[in-house]
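For reference, the structure discussed in these notes is given below.
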């Protein structure tokens, strides 16, 4: 699509699973802005420099990492379902040792992947 010489890209819808939207709303303003921009890149089919594949959860699970005032914030989204992005989890990493995602967060992400997949199947049937 081209309007006034500018190329426009259709954005995939961004759906929020469980409390992920409220969790992100609690982040500092700069973190919300940067993560929002990274999600918009994903909606347009790109990937922000702060986004990377989250290992151990299968293909299409991507994590955005932002640091702010000595704290680390993460947002995990799912790309592998056709035509939509599901935001699975947004959280502040509490551990001061290592970069590994805490197991409780990995378990929550896994359960939300299942919720997203079920929601996607339901939407496809409509």
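Numbering (the numbering used here), first residue to last: 1 to 126.
Note that the Cβ used here is the ideal one computed from N, Cα and C, for glycine as well.
In this text, all values refer to a predicted model and were calculated from it rather than measured experimentally.
### Query
Leaving out five residues before and five after residue 66 in sequence, what residues of the same chain have Cβ atoms less than 7 Å from its Cβ?
The count along the chain shown starts at 1 and reaches residue 66 at position 66. These residues qualify, in order along the chain: 31, 34, 35, 50, 73.
### Task
Find the nearest neighbour of residue 121 within the set 20, 15, 19, 81, judged by alpha-carbon distance.
As a working mapping, residue 121 is identified with position 121 in the chain shown. That would be 81, whose Cα lies nearest to the Cα of residue 121.
### Query
How many whole angstroms separate the CB atoms of residue 61 and residue 78, which I take to be in contact at a CB cut-off of 8 Å?
Within the chain shown, the letter at position 61 stands for residue 61. Within the chain shown, the letter at position 78 stands for residue 78. With 8 Å as the limit, residue 61 and residue 78 qualify as a contact, their Cβ atoms being about 6 Å apart.
### Task
With distances taken Cα to Cα, identify the nearest neighbour of residue 92 among 68, 119, 18.
The sequence position of residue 92 within the chain shown is 92, counting from 1. The shortest Cα separation from residue 92 among 68, 119, 18 belongs to 68.
#### Entry: residue 11 vs residue 44 beta-carbon contact at 8 Å
As a first step, residue 11 is located in the chain shown; it is residue number 11 there, counting from the start. As a first step, residue 44 is located in the chain shown; it is residue number 44 there, counting from the start. Yes, Cβ-Cβ distance for residue 11 and residue 44 is below 8 Å.
### Query
Any idea if residue 112 is buried or exposed, counting beta-carbon neighbours within 10 angstroms, 16 or more meaning buried?
Working through the chain shown from its first residue, we reach residue 112 at position 112. The residue in question, residue 112, is buried, as its Cβ has 16 or more Cβ neighbours within 10 Å.
### Task
In angstroms with no decimal places, state the Cα-to-Cα distance between residue 29 and residue 64.
Locating residue 29 in the chain shown gives position 29, counting from the first residue. Locating residue 64 in the chain shown gives position 64, counting from the first residue. Approximately 16 Å between the Cα atoms of the pair.
### Task
Use the C-beta contact count for residue 13: other C-beta atoms within 10 angstroms, 16 or more gives buried, fewer gives exposed.
Walking along the chain shown from the start, residue 13 turns up at place 13. Result: exposed.
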